[in-house]
Structure formats: C-alpha cells, structure tokens
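Asks: Numbering (my numbering), first residue to last: -19 to 186.
Just so you know, even glycine gets a beta-carbon here, dropped at the ideal spot from N, CA and C.
There's a structure below that I have some questions on.
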C-alpha cells in the first residue's frame, strides 16, 4: 500500500545518473527535469483521487499509480540499457581500433628491426672491407717507407764513398804536383848549371 502521507517522499526522491555519450536523444539518460515531471504526474494523480472521507487511496488510483510508475521505470531502464549497449558498442569499436593499432605497431616495429639489422650488417661489411683496405694500404706505405729509408742510406753511403775517393784523388794530385814542382826546380837548376858550363867551355876554347 502507498499512503497519502508519503507524497513528500516521492517529491524529495531524485536520481543522479552518470552521463554516457549517445548518438540519439532517445538513448540519453534520465535527467532531473524528467524525474520531476514524473513526480508531478504522480502527485496530480494522488490529489485527484483522494476521497474526502478517508486518507486511503482507491484501488483504481493505486493501480494507475503503479502502472504509471512501472511504465516510467521500464522506459528509464530501457533507455539505460540502450545507453549501456551504445557504450559497449563504442568500447568494442575502440578496442578493435586499439588492437589494430597495436598490430600495426608490432608490424612496423618488426619491419624497422629487420631494416635496422640489414643496415647494421651492411655497415659492418663496409667497415670490415674498409679496415682491410686501410690495413693493406698501410702495409704498402710501410714497404715504400722502408725502401726509401734503405735507398736514402745507400745514397748517403755512396755519396760519402765518392767524396772520400775524390778527397784521396785530390791528395794524390797534390803529391804529384809537389813532386813535379820539385823536379821542375831541379831541371831549372841543371839548366842554369849547363848554361854556365857551356859558357866556360866556350871561354876556354876561345
């Protein structure tokens, strides 16, 4: 039974529903204004059916009240179910998109890793080849440097030997020139003596 003294409880009773984004106005959650309109309808039914001789409602009034309340409650539940279904659909779509995004990201990461490994292998091959080339060129330069060092030493030794021989030749030439000068001086002395002797002979003969 619902009694007339409980009317104020209906007026003071409100719902506070969470908001869910929907595409249709029919799927929107129940608002405070809609609940207030329901309460006003219930109050009007209660006041219209109240008998002057008793505080109890008639069976028809109670039945009408219950039917109205049941219809409104069913409608609200249906709206809530539709909103929940819409929210579930949105969540499912979001999950599918998220799963696809994760799959695409994994594929991209695999491709990126494969490309990185390929490029790393190529880079290592190039570095190894360059290292071998530089090592070979270094060995060749070392051989050339060693050859130049040997040639330079041999050239210096040859120059020193030639200079030494030239110095020996010059010394020998000086000795020969000195000996020749002495012999020349002796020849001059003998020539003078010979001339004097011839002069004396001529004087004696005359």
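For residue 177, does the count of other Cβ atoms within 10 angstroms reach 16, so buried, or fall short, so exposed?
Replies: The residue in question, residue 177, is exposed, as its Cβ has fewer than 16 Cβ neighbours within 10 Å.
Asks: Pull up the distance between the alpha-carbon of residue 179 and that of residue 185, whole angstroms please.
Replies: So the alpha carbons of these two residues sit roughly 10 Å apart.
Asks: For residue 63, does the count of other Cβ atoms within 10 angstroms reach 16, so buried, or fall short, so exposed?
Replies: Buried, since its Cβ has 16 or more Cβ neighbours within 10 Å.
Asks: Can you give the Cα-Cα distance for residue 92 and residue 108, rounded to whole angstroms?
Replies: In a straight line, the C-alpha of residue 92 is about 24 Å away from that of residue 108.
Asks: Closest Cβ-Cβ distance between residue 184 and chain D: below 8 Å?
Replies: Structure shown: chain D not included; a single protein chain is present.
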